[in-house]
Amino acid sequence: MNRILLLLLSSSATLLVFGLWIPLKAVVAQELLALAWAESQARQTETRPWPWADTWPVARMALPELDRSMIVLEGTHGESLAFGPGRLVGGLPGEGPVIIAGHRDTHFRQLDELAPGSGIRLQGQDGQWQDYQVEASRVVDSRREQIDTQRLSPDTLLLVTCYPFESLDTGGPLRYVVTARRRNPAPSNRLEQIDTVAGL
Amino acid sequence: MMLSTTLLRLSVPAKPANRARLRRFMEGITLWLAFLLLLFVQPLYAEANVADELQPGLLHFTDNRGDWQEPALVLDSDFDVTVSGLIADTRLTRHFRNTSDHWREGVFVFPLPEKASVYALTMTVGERTITGEVRPKAQAREEYAEARDSGRQAATVEQQRPNLFTSRVANIPPGEDISIELRYQQPVDYRDGQFSLRLPTTLTPRYMPGPMLPTGEAAGWSEGWAIATREVPDADAISPFTVRPEDVAADSHRASISVSLSAGLELADVTSPGHELETRTDGQEVHVSPSEGTVLMNRDFVLRWRPVHGSEPVAAVFHEQFDGEDYLMTMVVPGAASDLTLPRDLVFVIDTSGSMAGESIRQARQALGRGLDTLSAEDRFNVIQFNSQPHALFMAPVPADGMNLARAHRYVSRLQAEGGTEMASALSLALGGAGSDDTDDAARVRQVVFITDGAVGNEAGLFRQIREQLGNQRLFTVGIGSAPNMHFMREAARWGRGTYTAVSNTADLGGPLVALFSAMEAPVLTGLRTQWPVADAEAFPERPGDLLRGEPLIQVVRGVPPEGTLSVTGMAPDGKRWKRTLDLRQSAGGTGLHRRWARAKIDSLLDRARIQGEQPDEEQIVRLAMAHSLMSPFTSFLAVDSKPVRSGNDPLLADSVPTLLPAGTSAGMLRYPQTATISPLLIALGLVGMMFSAAIVLLRGRVGL
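From first to last, the protein sequence lines stand for chains V and U.
Residues in the first sequence are numbered from 1 upward in steps of one, following the UniProt record's numbering.
Residues in the second sequence are numbered from 1 upward in steps of one, following the UniProt record's numbering.
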């Protein structure tokens, strides 16, 4: 009896640890990514956060209303999404539509708190910040709808995450999509905002 | 958690023993070991769920106001192909059936073989048949629009790319159908003793590089989903909706295919890499059709046939008279040359763009793997992948030793397909390395193998780039997927002085690739020249250039009567002169030679304009096309009925008939990614388990066990 109890207890604890490990990894990875991002800005190259990573930081995204800032990675395969939101398509912020997807359980947990009018800021590798403003958010069924990148206007930013937020189902078809549009193009004399770390 | 329970069960003895300390200690250790083991394997399943969504995607057409529009036109096609000698003549009938209650205009963008010469169009409405005529493109559009608006039935077919056409059919009555019959001929491919023929049925959605043009500027003919970009101003005309077979009516997008081969040779076998075949021999002719009856139009139909061993032709001459002129077509196959091989610099370029996702990238990875296997120790190589940007495995070509090859194999096996198809930068990277003046480089043969589906819209710009950057290198293209852009494969290889090949499916990888790589290893017959008995004969291709092993020289000429001899000369790799003569009096009768000649002439006019960077001579091309009744970039076919059938009060709705997504590729548009982790589930399960155990402990305390 004792043994069964021990077994149950340890397996539950294991589950719990694994469950907590995912958000923990998401937080810790962001710190490492911040270093890689600073380096890639300083060197103006793609810098992989660790040598075997198959992704690299492409932008920094700030949500001033939620007081959050995170590094956006290239690609949306599970490997990159575990560490940060992933850029699905788009050039650098400011030249064409940008689509960023993130996990609803980690980085994009608070996406539903973005109301129309909220600001989103994106910083590209050149250090320029682009200001976006949330226009609308909606729930789409990914079985019935796809993202038609050719029809998005170049100043669009889409944030995509899974829906509903509290669901336990990982393969659900619903997605929560926040559409934002760029405010008037950023003036070019804002170079002082480049926060590079020299010597990395 | 299966793992932990099994492990524990294994380590725990079947009979519960006394409370021996040792055993408890062992149990504790085992538990911790199991726990650590789990931690170790954790990344295997703690990652996000990245499995592709397998639910079928639905795509509906919406009109300008965003209302749903059900596809109303059902389409089926009928390929009737006759092969005689080196030319295949096809009668392609498309039936547009209107299943709605409204009058419809059908628009269908479809591919044809890359060297097809379209020479006739007939429209059949009920009992009546209207024969189409060649018109200059703008005039055909105008007359078509006029007929459509006045309620007359009309059909037009125009060329968007040499292998991409748009057909429009106006005023299809509700519940009825209209058939469009196109006739075209295409050259039969002959290489390494094997003939092959490809009937494209669909197209891979193409990537349109460049910034987008404002939508307002688009012409009134935009039916596709891509918006014109600066580099591909006609993007909207060459990108139809691409849907899955489940999304069209069950009986739509089916093709019946029948091919009759009168090769004039005894055939050893007739095969198709993608379809099961049913063959019937009827005297000299062999009739072939897919054994499943009608086939779904989501993969190209490829047919290959081979003469019995020993009777492979090495030369042929065909003759035809048209409009008082003599036309001759000749084929010469140089035999295997010497076995001299030179060390090579081989650069593999692999397309990892989104259009390659699915089966295509697997094929491409395998093709590349086979290419790596052909390298010998003195060769050097590099691997470049590209999607939105190129990425090279090595900074410069490295020796093909075991370590580098192993690294390359590992790199290739991990390639994923996503992103755009920015081919220009990849080409620069691959071709750009030629400039180094290393003394060792001079003796090396530089070859570039380009593995792609060619799903791009800016072909012309890429060909120009290849021509400018090629230098002394050779570019070989390998077409991947169910519907590669063969026009791109052929032309890129032609501008790159190499050859092209296409792989249809994974099982088919062997044959074509082995032939390609062995041809690449073998030296080349260079500086080929033909000497026709008539001095000012117009022969195409004008300068045959170089030939790789197994490749035939084919030339078509006007104004040469079938008399005298033709001599072909060239330079063998060991510096010796190579010469072959052919008696033209032996010529056999052929059909369609004049069209092939005219098409080649038009192509050469277009080429010349492209090289000189100026506008092609439109007037001359139109004149030539009209004389031979041919479709060209500047001429379209038009068939218009004389009397109106639709009164002005009935509305006419336009319906773009979608093309099918090529088998094995992922959807043309982006799918929403999977963005949930199993973390909440794990936490919940863990907590439930903990609570449950706590409850048991408490209970035990109460009961006093």
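Ideal placement from N, C-alpha and C gives every residue a C-beta, glycine not left out.
For residue i, the first and last residue of its enclosing alpha helix (DSSP H)
i, result
"residue 43 of chain V", "2-43"
"residue 603 of chain U", "593-612"
"residue 327 of chain U", "Per DSSP, residue 327 of chain U belongs to no alpha helix (DSSP H); it is in the beta strand (DSSP E), 325-332."
"residue 466 of chain U", "459-469"
"residue 491 of chain U", "486-495"
"residue 149 of chain U", "137-149"
"residue 413 of chain U", "402-413"
Per DSSP, the bridge partner or partners of residue i
i, result
"residue 165 of chain U", "U/110, U/159"
"residue 269 of chain U", "U/306"
"residue 419 of chain U", "In DSSP, residue 419 of chain U forms no bridge with anything."
"residue 235 of chain V", "Since the first residue of chain V shown is 1 and the last is 200, residue 235 of chain V is not available in this structure."
"residue 294 of chain U", "U/256"
"residue 540 of chain U", "U/556"
"residue 479 of chain U", "U/452, U/502"
"residue 61 of chain V", "V/70, V/122"
"residue 137 of chain V", "V/178"
"residue 579 of chain U", "U/569"
"residue 84 of chain U", "U/87, U/262"
"residue 517 of chain U", "Paired residues: none, contrary to the question."
"residue 349 of chain U", "U/384, U/450"
"residue 196 of chain U", "U/189, U/304"
"residue 87 of chain V", "V/74, V/100"
"residue 700 of chain U", "Residue 700 of chain U pairs with nothing; no bridge assigned."
"residue 678 of chain U", "Its beta-bridge partners do not exist; DSSP assigns none."
"residue 632 of chain U", "U/635"
Boundaries of the beta strand (DSSP E) in which residue i is found, first to last residue
i, result
"residue 626 of chain U", "First-last for residue 626 of chain U: 618-627, but that is the alpha helix (DSSP H), not the beta strand (DSSP E)."
"residue 181 of chain U", "177-187"
"residue 320 of chain U", "315-322"
"residue 567 of chain U", "565-571"
"residue 532 of chain U", "From DSSP, residue 532 of chain U is part of no beta strand (DSSP E); its letter is neither H nor E."
"residue 642 of chain U", "635-644"
"residue 278 of chain U", "277-282"
"residue 168 of chain V", "No beta strand (DSSP E) contains residue 168 of chain V, which DSSP labels as neither H nor E."
"residue 365 of chain U", "Per DSSP, residue 365 of chain U belongs to no beta strand (DSSP E); it is in the alpha helix (DSSP H), 359-373."
"residue 548 of chain U", "Premise fails: residue 548 of chain U is in no beta strand (DSSP E) and is neither H nor E."
"residue 584 of chain U", "Segment: none, residue 584 of chain U is in no beta strand (DSSP E) and carries neither H nor E."
"residue 128 of chain U", "128-131"
"residue 125 of chain U", "117-125"
"residue 392 of chain U", "390-392"
Chain V residues whose Cβ lies nearer than 9 Å to that of residue i
i, result
"residue 686 of chain U", "11, 12, 13, 14, 15, 16, 17, 18, 19, 20"
"residue 697 of chain U", "5, 9"
Neighbour list for residue i in chain U, Cβ cutoff strictly below 7 Å
i, result
"residue 76 of chain V", "673"
"residue 101 of chain V", "673, 675"
"residue 104 of chain V", "675, 676"
"residue 23 of chain V", "679"
Partners in chain B for residue i, counting only beta-carbon separations shorter than 7 Å
i, result
"residue 450 of chain U", "As a matter of chain content, chain B is missing from the structure shown, whose protein chains are V and U."
Contacts of residue i in chain U (Cβ-Cβ under 8 Å)
i, result
"residue 58 of chain V", "Within 8 Å Cβ-Cβ: nothing; residue 58 of chain V doesn't reach chain U, min ~11 Å."
"residue 27 of chain V", "Going along chain U, no residue has its Cβ under 8 Å from residue 27 of chain V, so there is no contact; the nearest lies around 12 Å."
Whole-Å CB distance - residue i paired with residue j, under 8 Å assumed
i, j, result
"residue 491 of chain U", "residue 463 of chain U", "6 Å"
"residue 197 of chain U", "residue 83 of chain U", "7 Å"
"residue 167 of chain U", "residue 108 of chain U", "5 Å"
"residue 301 of chain U", "residue 256 of chain U", "Actually they do not touch by this definition, with Cβ atoms about 11 Å apart."
Chain-ordered chain V contacts of residue i [CB-CB under 7 Å]
i, result
"residue 692 of chain U", "8"
"residue 142 of chain U", "The premise fails here: residue 142 of chain U is roughly 29 Å from chain V at the closest Cβ pair, so nothing lies under 7 Å."
"residue 713 of chain U", "The requested residue 713 of chain U is not part of the displayed model; chain U covers only 1 to 705."
Assess, as a yes-or-no matter, whether the stretch 462-481 of chain U is touched by the stretch 489-500 of chain U under the definition of 3 or more beta carbon pairs within less than 8 Å.
At 8 Å Cβ cutoff, the stretches touch.
Segment contact, 8 Å Cβ cut-off, at least three pairs: the stretch 148-156 of chain U with the stretch 633-651 of chain U
Touching, yes, given that three or more Cβ pairs across the two stretches are closer than 8 Å.
Please confirm if the stretch 114-122 of chain U is in contact with the stretch 606-613 of chain U, defined as three or more CB-CB distances below 8 Å between the two stretches.
Short answer: they don't touch.
If we count Cβ pairs, one from each stretch, closer than 8 Å, do we get three or more for the stretch 41-49 of chain V versus the stretch 14-22 of chain V?
In this structure the stretch 41-49 of chain V does not lie against the stretch 14-22 of chain V, because fewer than three pairs of beta carbons, one per stretch, are closer than 8 Å.
If contact is defined by three or more beta carbon pairs under 8 Å, each pair taking one atom from either stretch, is the stretch 181-189 of chain U in contact with the stretch 85-103 of chain U?
Short answer: they touch.
Pairs of beta-carbons, one from the stretch 309-324 of chain U and one from the stretch 523-540 of chain U, closer than 8 Å: are there three or more?
Because the criterion of three Cβ pairs below 8 Å is not met, the stretch 309-324 of chain U and the stretch 523-540 of chain U do not touch.
Tell me whether the stretch 279-286 of chain U and the stretch 306-314 of chain U touch, counting them as touching only if at least three CB pairs, one residue from each stretch, are closer than 8 Å.
Taking 8 Å as the limit for Cβ pairs, the verdict is that the stretch 306-314 of chain U does not touch the stretch 279-286 of chain U.
Do the stretch 340-358 of chain U and the stretch 412-426 of chain U make contact, defined as three or more Cβ pairs closer than 8 Å?
The answer is yes - the stretch 412-426 of chain U touches the stretch 340-358 of chain U, with three or more Cβ pairs under 8 Å.
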